[in-house]
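Residue numbers for the sequence shown follow our numbering, so the first one is 510 and each next one is one higher. Yeah, the Cβ is synthetic: ideal placement off N, Cα and C, and Gly gets one too. These numbers come from a predicted model, not from an experiment. See structure below.
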Amino acid sequence: MKTIAVKAIERADFGKKAAKAIRREGLTPCVLCGNGETVNFTIDPREVKALIYTPNSYIVEFDFNGKKELAVMREVQFHPIREEILHMEFFRIAAGKPVSIAIPVRLTGNAEGVKVGGKLVLSARKLIVTALSENLPDEIVVDVTPLGVGKTIFVGDLQLENVKFITPATTAVCAVRVTRASRGADK
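Written out as structure tokens, the structure reads:
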């Protein structure tokens, strides 16, 4: 899985007043949780734009004055009107412990049902998986070639080595829907 490096500055002030002061300086207040330890810090929001405004998932490598910490993003809070990041929450990655993260889905192949007039529909853009950080894939590739009209691929149909799906097995990933053109082809 890809990694993004971010410079972080630890903070000692807490509360609404301190958070507003941090935002006035053009920084974003953040929290890093996990392993029974919580670290409050600030980051430059321009450094995490590649992390937020993308369909991809990343591991974040924080640099706290030379001390490196690996984490995954858990939550981002935005201003309700302006497109401004108000707060971010990260979860620390511990060596040897699995981490859960949402991984994007990519469809490959040309479905049989589409060839006869069906419409391919992607129902789940991301699936939540758990694995050791070194086993996490960049994306989940789903081959739709054998998919006929009216057929669906579920999470339970997918198999990935060293990766366990947290998303329920009954969740539809993609399907080929029946269209007027495909009904006409059946007659």
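Excluding sequence positions up to five away, which residues of its chain have a Cβ less than 7 Å from the Cβ of residue i?
i    : result
A678 : F663, V664 and G665
F600 : C542, G543, A580, V581 and R583
K696 : With a pLDDT of 49 at K696, under the threshold of 50, the modelled position of that residue is not reliable, and the figure given next carries that caveat. Within the same chain, K696 has no close Cβ partners at all.
T688 : G626, G627 and K628
A559 : I513
P554 : T537 and I594
G657 : E621, G622 and V685
Is residue i helix, strand or coil when you go by DSSP?
i    : result
A620 : coil
N565 : coil
I675 : coil
T680 : coil
R520 : coil
Express the C-alpha separation of residue j and residue i in angstroms, rounding to a whole number.
i    : j    : result
L669 : A521 : 43 Å
V608 : V614 : 18 Å
E593 : G605 : 35 Å
K635 : T661 : 16 Å
F523 : F587 : 19 Å
E598 : D652 : 34 Å
A527 : N549 : 12 Å
Check: Which residue spans inside the segment 585-664 form an unbroken alpha helix (DSSP H) run of at least 4?
Finding: 621-624
Which runs of the alpha helix (DSSP H) spanning at least 4 residues fall entirely within the segment 523-547, listed in chain order?
-> 525-533
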